[in-house]
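Under the working numbering, the first residue of the sequence shown is numbered 10, with each subsequent residue one higher.
Beta carbons are placed, not taken as given, at the ideal position from N, Cα and C, and that holds for glycine.
Just below is one structure, and these are the notes that go with it.
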Amino acid sequence: MYQNLFNQYEHFKESRIYKRRFSESLWYELIQEWSQKDVFEVSEIGKTFEERPIHQVRYGQGPIRICAWSQMHGDEATATKALADIFLFLSQKADGFDELRQILHQNISFYVIPRLNGDGAARWTRETALGIDMNRDAQSLFSPEAKILSDWADAIQPTFAFNLHDQNRLYSVGSTSHQTHIALLATAGDEHGTWTPSRIRAGKLANRMYKNIEGGLTNKIAKWSDEYNSRAFGDNFQSRGYGLLLLESGGAAWDLEKHTLRKINACLLLDALYSIATDSWKTESMELYQGLLTNERCIVDIKLKNAPLASGKNQRADIAINLKEYIDEEGEIAYAWIIEDLGDMSIYHGLQEIDASTFEYASQEAIKKEGVYTQLLFHQGEKIAFQLSDYTHKIQK
Ligand SMILES: [Zn+2]
């Protein structure tokens, strides 16, 4: 089913949402539209600290209850975009997927909070308006949004729950040179990491999801460390028996808006719903999932090996350069380059690695750690051997 959905994705892509940071007016327009479709029940289940409405979208009349939420962290919107695609898919007809929708509608009840932390989304921050990281608030429930999420899940008592996030683009699959595209985690519900029935459900489903994507993304899937943290919603909900699966969208080279990962998210989640609706997840083992390498931080955007650090001096070192995201004057996500670190960078893999041992550096200003650059030039004799702006052009927006 995954591959079928993947091939047909353009027919259910919600193209009005393109970038990760989109306007609030567009968001309310979409909520309004979903509420007018017969297949959904849209309701306001509470308000954020700044009184933004928190909406639930419900689909299906089946006995298996599933819940999902996105943008608990305000600046992590890849899965939110994927959920908009899923809602478009669920509201369409006569596209060859009617039978799938019928199976879903009859067997599952899917409860979704597509955007939980609207205050954080508005200012493009991880935290809530109060500066609270909601994913460390599952126990104390200080933030109103965490309380709403907790009460909501308790009322639903789901068999499966999807906790949808973005992670830093530069995580690697173990210490390899592969950038983690998607990270999964069947969270632990106690400090011993006991494989409770709830965790086993999540682990088996993760196994299926991994099998689905590995064909297209060999070695690009990792799992998060499963160290128990009762303050995190994933772990806390697993201890409540909610079949919690964490899904994180990582990075895909220069696709900074994560269009590829959004598509994978949408198809993966729809396939997971199908698997739950048909009970096929029950026949999965957990072997592949358990064999996944954990997320590590061994990637940098550009690594220059043995590069000159100043003009006229024979001082060289490795240079690690990363993209740094910021919000420009128009409120759009923009990127600058930052010298992340200098010295022996042999433990890092560059998305782009360049041997700079024959490069010369002409500028009067020495290269500085944590310096922000729009241009950086190295020569080989008369000719330009490297210019940072070439890589700026590769950034896919
Ligand atoms: Zn997050």
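Within 7 Å: the Cβ of Met354 and any heavy atom of ligand 1? Within the sequence shown, numbered from 1, the residue matching residue 354 stands at position 345. Incorrect: Met354 has no Cβ contact closer than 7 Å to ligand 1.
DSSP three-state assignment for Asn274, whether helix, strand or coil: For the purposes of this step, residue 274 is taken as residue 265 along the sequence shown, with counting starting at 1. Reduced to three states, the DSSP call for Asn274 is helix.
Between Ile112 and chain D, is the shortest Cβ-Cβ distance under 8 Å, so that the two count as touching? The chain labelled as chain D is not found in the depicted structure, where only one protein chain is given.
When you compare the CB positions of Ile75 and Phe119, do they come within less than 8 Å of one another, or not? Numbered from its first residue, the sequence shown carries residue 75 at position 66. Numbered from its first residue, the sequence shown carries residue 119 at position 110. Going by C-beta atoms, Ile75 is nearer than 8 Å to Phe119.
Could you name the residues of the same chain whose beta carbon sits closer than 7 Å to that of Asp235, not counting the 5 residues immediately before and after it, in chain order? Start at 1 with the first residue of the sequence shown, and residue 235 comes out as number 226. The residues are Leu194, Thr196, Ala197 and Gly202.
I'd like to confirm something about Met295: is its beta-carbon nearer than 7 Å to some heavy atom of ligand 1, or not? Mapped onto the sequence shown, residue 295 falls at position 286. Flag unset: Cβ of Met295 not near ligand 1.
Output the boundary residues of the alpha helix (DSSP H) element that contains Pro153. Within the sequence shown, the letter at position 144 stands for residue 153. Unbroken alpha helix (DSSP H) run through Pro153: Pro153 to Ile165.
Run the Cβ filter for me: residues under 5 Å from any heavy atom of ligand 1, listed in the order they occur in the chain. His82, Glu85 and His174
Could you check whether Arg29 and Lys291 sit closer than 8 Å to each other, using their CB atoms as the reference points? Residue numbering aside, residue 291 sits at position 282 when the sequence shown is read from its first letter. Residue numbering aside, residue 29 sits at position 20 when the sequence shown is read from its first letter. It is not a contact, given that the beta carbons lie outside the stated cut-off.
Just the Cα atoms here: how many angstroms apart are Leu179 and Gln80? For the purposes of this step, residue 179 is identified with residue 170 of the sequence shown, where counting begins at 1. For the purposes of this step, residue 80 is identified with residue 71 of the sequence shown, where counting begins at 1. Using only the alpha carbons, I get a separation of about 20 Å.
For Tyr68: DSSP bridge partner residues: Translated into positions along the sequence shown, residue 68 becomes position 59. The partner list for Tyr68 (beta bridge, DSSP) reads Phe49 and Phe119.
Test item: CB-CB of Ile26 and Ala93 under 8 Å: Here residue 26 is taken as the residue at index 17 of the sequence shown, counted from 1. Here residue 93 is taken as the residue at index 84 of the sequence shown, counted from 1. Yes; because the gap between Cβ atoms is below 8 Å, this pair is in contact.
Taking the continuous beta strand (DSSP E) assigned at Asn323, which residues delimit it? In the sequence shown, residue 323 corresponds to position 314, counting from 1. Asn323 -> no beta strand (DSSP E), and no H or E assigned at all.
May I ask which residues mark the beginning and end of the alpha helix (DSSP H) holding Phe243? Along the sequence shown, read from residue 1 onward, the residue named residue 243 stands at position 234. It is Gly, not Phe, that sits at residue 243 in the sequence shown. Looking at the DSSP string, the run of the alpha helix (DSSP H) that includes Gly243 is Phe242 to Ser248.
Going by beta carbon distance, what residues of the same chain come within less than 8 Å of His64, once the five residues before and after it are set aside? As a position in the sequence shown, residue 64 is number 55, starting the count at 1. These residues qualify, in order along the chain: Ile40, Val51, Ser52, Glu53, Ile54, Ile122, Pro123 and Arg124.
I need the straight-line Cα distance from Glu338 to Arg210, nearest angstrom please. Residue mapping note: residue 338 aligns to position 329 of the sequence shown, counting from 1. Residue mapping note: residue 210 aligns to position 201 of the sequence shown, counting from 1. C-alpha separation (whole angstroms): 46 Å.
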